[in-house]
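As you go down the protein sequences, you meet chains A and B in turn. For what it's worth, my numbering labels the leading residue of the first sequence as 2, then goes sequentially. For what it's worth, my numbering labels the leading residue of the second sequence as 146, then goes sequentially. C-beta atoms are modelled at their ideal positions from N, C-alpha and C, and glycine is treated no differently. Owing to the predicted nature of the structure, the values given are computational and were not obtained by experimental measurement.
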Amino acid sequence: MRSSTFGSDAGPNAPEAIQLSESIGADLVSRGDPHQIMERLVRFAVENVDVDRCTLTSLDQDVLRVEASYERGGPPDFVGHEYPLDWLQRQHSLYQAVTTGETVLGGSFGDGDDVDPDLAPWLVSMHHTAIVPLAVGDTVGAVLILSRISDRPFVADELEEIQQVGLLAALALRNARLVEQLRSAQRRGLDSLTQMSLHVASSLEPATYFEKMSETVAGLVSAERAGFWQLKGSELVPLHHPSARDAGPMPPERAQALDAEADEELARVLFAGAALRLSRVDGSPDPRPESLLIRLGARDLLAVPWRTAAVPLGILAASNSLSGFTDQDEWIMRLAARASALVWQGYAAEQRAQRLQATEFDRLAAHAERMAELDRQKSEFLQLASHELRSPITLVSGYLSMLEEGSLGELPAPAAKVVPLMVARMRHMSELVDRMLTTSRMEIRARGQQLRDVDLVALVRQVASSAGGVADAREISVESQDKVRIRADPEQVETIVTNLVSNGLKYSPDGGELTIVVREEPRWVAIDVIDRGQGITEDDLPKLFQPFGRLQSAVAAGIQGTGLGLHLSRGLAQAQGGDITVTSRPGEGSTFTLRLPRRRKRHAGRMHA
Amino acid sequence: MLDGSRGRRLLLVDDDVDVATMYELQLAASGFDVATAHSGAEAIDRATSDAPDLIYLDLGLPEMHGFDVLRQLRAAPTTADIPVVILTNYSEPDLVEQGRQLGACDYLIKAHTPPGTLATATRRWIP
Numbered sequence: 002m003r004s005s006t007f008g009s010d011a012g013p014n015a016p017e018a019i020q021l022s023e024s025i026g027a028d029l030v031s032r033g034d035p036h037q038i039m040e041r042l043v044r045f046a047v048e049n050v051d052v053d054r055c056t057l058t059s060l061d062q063d064v065l066r067v068e069a070s071y072e073r074g075g076p077p078d079f080v081g082h083e084y085p086l087d088w089l090q091r092q093h094s095l096y097q098a099v100t101t102g103e104t105v106l107g108g109s110f111g112d113g114d115d116v117d118p119d120l121a122p123w124l125v126s127m128h129h130t131a132i133v134p135l136a137v138g139d140t141v142g143a144v145l146i147l148s149r150i151s152d153r154p155f156v157a158d159e160l161e162e163i164q165q166v167g168l169l170a171a172l173a174l175r176n177a178r179l180v181e182q183l184r185s186a187q188r189r190g191l192d193s194l195t196q197m198s199l200h201v202a203s204s205l206e207p208a209t210y211f212e213k214m215s216e217t218v219a220g221l222v223s224a225e226r227a228g229f230w231q232l233k234g235s236e237l238v239p240l241h242h243p244s245a246r247d248a249g250p251m252p253p254e255r256a257q258a259l260d261a262e263a264d265e266e267l268a269r270v271l272f273a274g275a276a277l278r279l280s281r282v283d284g285s286p287d288p289r290p291e292s293l294l295i296r297l298g299a300r301d302l303l304a305v306p307w308r309t310a311a312v313p314l315g316i317l318a319a320s321n322s323l324s325g326f327t328d329q330d331e332w333i334m335r336l337a338a339r340a341s342a343l344v345w346q347g348y349a350a351e352q353r354a355q356r357l358q359a360t361e362f363d364r365l366a367a368h369a370e371r372m373a374e375l376d377r378q379k380s381e382f383l384q385l386a387s388h389e390l391r392s393p394i395t396l397v398s399g400y401l402s403m404l405e406e407g408s409l410g411e412l413p414a415p416a417a418k419v420v421p422l423m424v425a426r427m428r429h430m431s432e433l434v435d436r437m438l439t440t441s442r443m444e445i446r447a448r449g450q451q452l453r454d455v456d457l458v459a460l461v462r463q464v465a466s467s468a469g470g471v472a473d474a475r476e477i478s479v480e481s482q483d484k485v486r487i488r489a490d491p492e493q494v495e496t497i498v499t500n501l502v503s504n505g506l507k508y509s510p511d512g513g514e515l516t517i518v519v520r521e522e523p524r525w526v527a528i529d530v531i532d533r534g535q536g537i538t539e540d541d542l543p544k545l546f547q548p549f550g551r552l553q554s555a556v557a558a559g560i561q562g563t564g565l566g567l568h569l570s571r572g573l574a575q576a577q578g579g580d581i582t583v584t585s586r587p588g589e590g591s592t593f594t595l596r597l598p599r600r601r602k603r604h605a606g607r608m609h610a
Numbered sequence: 146m147l148d149g150s151r152g153r154r155l156l157l158v159d160d161d162v163d164v165a166t167m168y169e170l171q172l173a174a175s176g177f178d179v180a181t182a183h184s185g186a187e188a189i190d191r192a193t194s195d196a197p198d199l200i201y202l203d204l205g206l207p208e209m210h211g212f213d214v215l216r217q218l219r220a221a222p223t224t225a226d227i228p229v230v231i232l233t234n235y236s237e238p239d240l241v242e243q244g245r246q247l248g249a250c251d252y253l254i255k256a257h258t259p260p261g262t263l264a265t266a267t268r269r270w271i272p
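Right, dumping it as structure tokens:
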């Protein structure tokens with residue numbers, strides 16, 4: 002079909018045609034359902050051009066389709082009907098208009114035509130018809146048919162008016178197609194976005210992600226291959242073998258590095274954000290032997306920048322399209338490249354974070370190791386020193402006891418008086434050394450805990466009953482439920498509780514009652530050891546847990562002790578992931594609370610020195 | 146001091162000469178025939194030549210640990226049956242356990258064992 006003369010004929014009158022209906026004109030170029038516009042148009046024609054019926058048909062792939070029709074008294078019911086080419090060829094006037102592109106004015110449509118009245122009710126029963134072929138692009142894509150029931154033929158004077166309506170109809174149709182294309186593009190865009198976001202959302206390995214994305218892109222733009230090329234130095238290197246949707250993996254020799262600097266076109270893609278579209282016309286080789294297409298062995302190519310907001314990462318390229326690359330394809334690829342840049346940034350950030358984390362972990366591990374080593378050295382030194390102290394104690398207290406027993410002969414009276422004093426003090430000193438040894442030994446042992454299921458209530462009752470014997474029949478009451486089970490080192494817990502109980506007894510010398518409460522908190526199991534002793538002043542509270550931090554009041558009261566008990570106990574508690582706290586009122590007593598975690602964390606708190 | 150102790154021979158192994166002398170003084174006064182050794186090698190020599198009735202053995206000896214001395218004594222037929230009591234200032238439970246496993250009859254801490262107490266203990270082992 003040759004070009005219609007309609008457009009050029011109507012040319013000089015176009016401004017007036019637009020003026021025919023400002024509202025339709027506005028609709029044509031702006032919003033609205035194209036079908037609605039076509040319906041308004043045919044109605045407008047009937048009302049303004051003095052015809053009885055106006056019908057607008059599209060003509061696509063040799064199928065005539067009634068898009069809109071209006072007749073005085075309402076729309077006829079044949080809208081949507083379709084007629085094939087062979088039918089069209091039998092309609093003489095209509096076929097003539099379509100093939101020549103010229104408006105045909107005729108009498109009764111049935112005259113001389115082999116019209117099937119059932120198939121084309123919109124052509125018959127009218128006395129006079131004007132058939133206006135409409136050019137959409139270069140071909141006649143639609144036909145406007147104006148009909149009169151009355152016996153009033155179309156005259157040449159009316160032609161201009163009719164053609165103006167035809168121009169409007171052509172515009173409406175073009176608009177309708179554009180809208181349809183836009184919608185299709187939107188659908189494809191949405192589809193692309195959905196597919197891409199699926200890749201982004203699934204936590205794929207970087208290599209898998211880029212491979213999948215390449216496949217997706219190839220599918221979306223109907224290309225044989227698509228792939229990411231990464232900018233390394235001045236070269237573009239394939240991130241992986243560009244995906245070949247149908248033809249298997251790309252041959253390795255084609256997955257070559259491209260020289261980004263040598264290729265001005267690629268440089269523009271990389272650094273200026275341009276898209277590159279190349280194709281070999283009719284399969285003839287590109288005149289430049291070094292051209293990208295030759296090197297890639299590709300028929301055609303579409304490359305878009307793959308970059309973050311600031312940094313060019315490379316390009317995303319697709320080649321060997323099914324039917325040539327379009328603007329839509331470019332748009333889709335830009336979208337994919339943008340999404341992939343974000344993903345790339347995400348991976349990079351994750352890697353950086355992992356590296357940082359690893360460094361930080363190493364640093365902490367080294368620190369913990371150093372601290373553990375210092376701790377071990379300290380414990381070992383304490384142990385060694387204790388042994389060394391035991392030697393002179395052995396000798397001095399040994400000879401003192403011999404002196405006291407008279408094994409070395411009679412002592413003069415004054416000497417006999419002081420020797421027992423020295424024996425007693427040496428015994429105290431020996432005990433002190435024993436405690437130091439025990440402490441260091443337990444500190445060493447705290448690093449190798451034996452975790453077991455422990456019933457704290459049973460443990461506390463046992464401690465209370467054995468301590469009660471020592472405590473001169475003093476009352477120790479235990480308040481708790483039947484069983485409280487936790488995971489802990491039972492020996493250490495026993496040591497701690499024993500310490501707290503003997504502490505409580507020691508510091509309430511006037512026979513005050515001691516109460517032990519075992520209770521459960523959301524995250525902890527707590528054991529309160531409550532005494533009715535002298536209490537602790539606020540000044541003394543911080544000293545309580547320091548090694549050898551015996552209280553002034555205790556020293557003044559002549560209470561025996563090494564000052565290691567609470568320090569040691571708290572260290573053991575912390576080694577179990579717990580702690581010891583104290584509340585006290587001078588004159589009323591103190592409450593020491595041991596808290597142990599109900600669930601052990603993987604890394605228990607370390608023993609404090 | 147008891148007549149019954151006379152002639153009972155003891156070997157006291159301790160590298161601390163002063164401590165060895167102190168115990169020797171008391172044990173001799175209690176009527177035991179006491180020999181001393183200040184190293185592992187000397188201890189094995191004396192044990193082999195003297196065949197004592199009881200050996201007090203320190204652990205922290207120079208060059209040879211007390212347990213090695215004990216092993217060698219146990220391995221040699223002439224000394225295998227001599228009762229050995231560990232007398233040391235090392236009090237770690239696993240050492241006590243190891244001493245028991247190697248066949249020591251007892252494990253005493255020097256700082257907790259004044260000479261008078263040692264003499265009493267000795268009379269229990271070899272009346």
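For this session: Compare the beta carbon distance of ILE333(A) and SER193(A) with 8 angstroms and say whether it is the shorter of the two.
Result: Going by C-beta atoms, ILE333(A) is nearer than 8 angstroms to SER193(A).
Exercise. For SER184(B), which option in THR267(B), TYR201(B) and ASP178(B) has the closest C-alpha, if you only look at C-alpha atoms?
Worked result: The shortest Cα separation from SER184(B) among THR267(B), TYR201(B) and ASP178(B) belongs to TYR201(B).
Exercise. Is LYS233(A) helix, strand or coil by DSSP?
Worked result: DSSP places LYS233(A) in strand when its eight states are reduced to three.
Exercise. Are any of the Cβ atoms in chain B nearer than 8 angstroms to that of GLU381(A)?
Worked result: Proximity of GLU381(A) to chain B, defined by a Cβ-Cβ separation below 8 angstroms, is not satisfied.
Exercise. Are the C-beta of HIS388(A) and some C-beta of chain B separated by less than 8 angstroms?
Worked result: Cβ-Cβ to chain B under 8 angstroms: yes for HIS388(A).
For this session: Quick one: measure Cβ to Cβ for VAL47(A) and ARG149(A), integer angstroms, because I've assumed they're closer than 8 angstroms.
Result: ARG149(A) and VAL47(A) do not touch by the CB rule: their CB atoms are close to 10 angstroms apart, not below 8 angstroms.
Problem set entry | Spatial distance of LEU120(A) from ASN176(A) (CA atoms) | Unreliable placement is indicated for LEU120(A), whose pLDDT of 45 sits below 50; the coordinate value is still reported in the next sentence. Cα to Cα, LEU120(A) sits roughly 29 angstroms from ASN176(A).
For this session: Run the CB neighbour count on GLY102(A), radius 10 Å, all protein chains shown included, and call it buried at 16 or more, exposed below.
Result: Per the 10 Å Cβ criterion, buried.
Exercise. Quick one: which chain B residues come within Cβ less than 9 angstroms of SER402(A)?
Worked result: Scanning chain B for C-beta atoms nearer than 9 angstroms to the C-beta of SER402(A) yields PRO259, PRO260, GLY261 and THR262, reported in chain order.
Exercise. Would you call the segment 381-400 of chain A and the segment 449-468 of chain A touching, i.e. three or more CB-CB distances under 8 angstroms?
Worked result: Using a Cβ-Cβ distance cut-off of 8 angstroms, the segment 381-400 of chain A and the segment 449-468 of chain A are not in contact, since fewer than three pairs of beta carbons, one from each stretch, lie closer than that value.
For this session: Leaving aside the five residues before and after ALA165(B) along the sequence, list all residues of the same chain whose C-beta is less than 6 angstroms from its C-beta, in chain order.
Result: Excluding the 5 residues flanking it on each side, ALA165(B) has same chain C-beta neighbours closer than 6 angstroms at LEU157, ASP159 and THR181, in chain order.
Exercise. Which residue comes first and which comes last in the beta strand (DSSP E) that contains GLY590(A)?
Worked result: Unbroken beta strand (DSSP E) run through GLY590(A): 590-598.
For this session: Establish whether the CB of LEU396(A) and some CB of chain B are separated by less than 8 angstroms.
Result: So yes, LEU396(A) belongs to the interface.
Exercise. Going by C-alpha distance, which of LEU155(B), PHE177(B) and LEU170(B) is nearest SER408(A)?
Worked result: The shortest Cα separation from SER408(A) among LEU155(B), PHE177(B) and LEU170(B) belongs to LEU170(B).
Exercise. Just the Cα atoms here: how many angstroms apart are ILE146(A) and LEU86(A)?
Worked result: Between ILE146(A) and LEU86(A), the C-alpha separation is close to 18 angstroms.
For this session: Flag VAL162(B) as yes if its beta-carbon sits less than 8 angstroms from any beta-carbon of chain A, otherwise no.
Result: Interface criterion not met: the Cβ of VAL162(B) is under 8 angstroms from no Cβ in chain A.
For this session: Inspect the beta-carbon positions of LEU271(A) and PRO239(A) and report whether they are closer than 8 angstroms.
Result: No; because the gap between Cβ atoms is not below 8 angstroms, this pair is not in contact.
For this session: Please confirm if LEU438(A) has its CB atom under 8 angstroms from at least one CB of chain B.
Result: At least one C-beta of chain B is nearer than 8 angstroms to the C-beta of LEU438(A).
Exercise. So, are the CB atoms of LEU253(B) and LEU204(B) less than 8 angstroms apart?
Worked result: Result no, Cβ atoms of LEU253(B) and LEU204(B) do not sit closer than 8 angstroms.
Exercise. What's the C-alpha gap between ASP61(A) and ALA275(A)?
Worked result: Roughly 36 angstroms between the two C-alpha positions.
Problem set entry | CB contact flag (LEU237(A), LEU259(A), <8 angstroms) | Contact flag set, yes.
Problem set entry | GLY261(B) to LEU501(A) span [Cα, whole Å] | The alpha-carbon atoms of GLY261(B) and LEU501(A) are separated by roughly 36 angstroms.
Problem set entry | Contact with chain B by ARG442(A), beta-carbon distance below 8 angstroms | Answer yes: the Cβ-Cβ gap between ARG442(A) and chain B drops below 8 angstroms somewhere.
Problem set entry | Cβ shell of THR193(B) (< 8 angstroms), same chain only, five flanking positions each side left out | Counting only residues of its own chain and dropping the five nearest sequence neighbours on each side, THR193(B) has a CB closer than 8 angstroms to the CB of ALA221, THR223 and THR224.
For this session: Examine chain B for any beta-carbon lying closer than 8 angstroms to the beta-carbon of GLU406(A), and answer yes or no.
Result: Chain B contact via Cβ: present.
Problem set entry | Cβ of TYR235(B) within 8 angstroms of any chain A Cβ | So yes, TYR235(B) belongs to the interface.
Problem set entry | Closer than 8 angstroms to chain A by CB, GLN217(B) | No, GLN217(B) lies away from the interface with chain A (no Cβ there is under 8 angstroms from its Cβ).
Exercise. Taking Cβ positions only, does GLN243(B) come closer than 8 angstroms to chain A?
Worked result: Chain A, which has no Cβ nearer than 8 angstroms to the Cβ of GLN243(B), makes this no.
Exercise. Does the beta-carbon of PRO259(B) have 16 or more other beta-carbons within 10 angstroms, so that it is buried, or is it exposed?
Worked result: PRO259(B) is buried by the Cβ-count criterion.
For this session: Kindly indicate if chain B contains any beta-carbon less than 8 angstroms away from that of SER478(A).
Result: Not one chain B Cβ lies under 8 angstroms of SER478(A).
Problem set entry | Segment limits, beta strand (DSSP E) that includes ARG154(B) | Run containing ARG154(B): 154-158, per the beta strand (DSSP E) assignment.
Exercise. So, helix, strand or coil for THR233(B), using DSSP?
Worked result: THR233(B) falls in the strand class under three-state DSSP.
For this session: Can you have a look at GLY152(B) and say buried or exposed, based on whether 16 or more other CB atoms are within 10 angstroms of its CB?
Result: It counts as exposed.
For this session: Taking only beta carbons into account, state which residues of the segment 168-189 of chain B come closer than 8 angstroms to chain A, listed in chain order.
Result: With the criterion set as a beta carbon lying under 8 angstroms from some beta carbon of chain A, the members of the segment 168-189 of chain B are TYR168, LEU170, GLN171 and ALA174, in sequence order.
Exercise. Below 8 angstroms, can you find three or more Cβ-Cβ pairs linking the segment 62-76 of chain A to the segment 159-169 of chain A?
Worked result: Contact fails: fewer than three Cβ-Cβ distances are below 8 angstroms.
For this session: Enumerate in chain order the residues of its own chain whose CB-to-CB distance from PRO154(A) is below 6 angstroms, with the five nearest sequence positions on each side excluded.
Result: Here PRO154(A) has HIS129 as same chain residues with Cβ atoms under 6 angstroms from its own Cβ, once five neighbours each way along the sequence are excluded.
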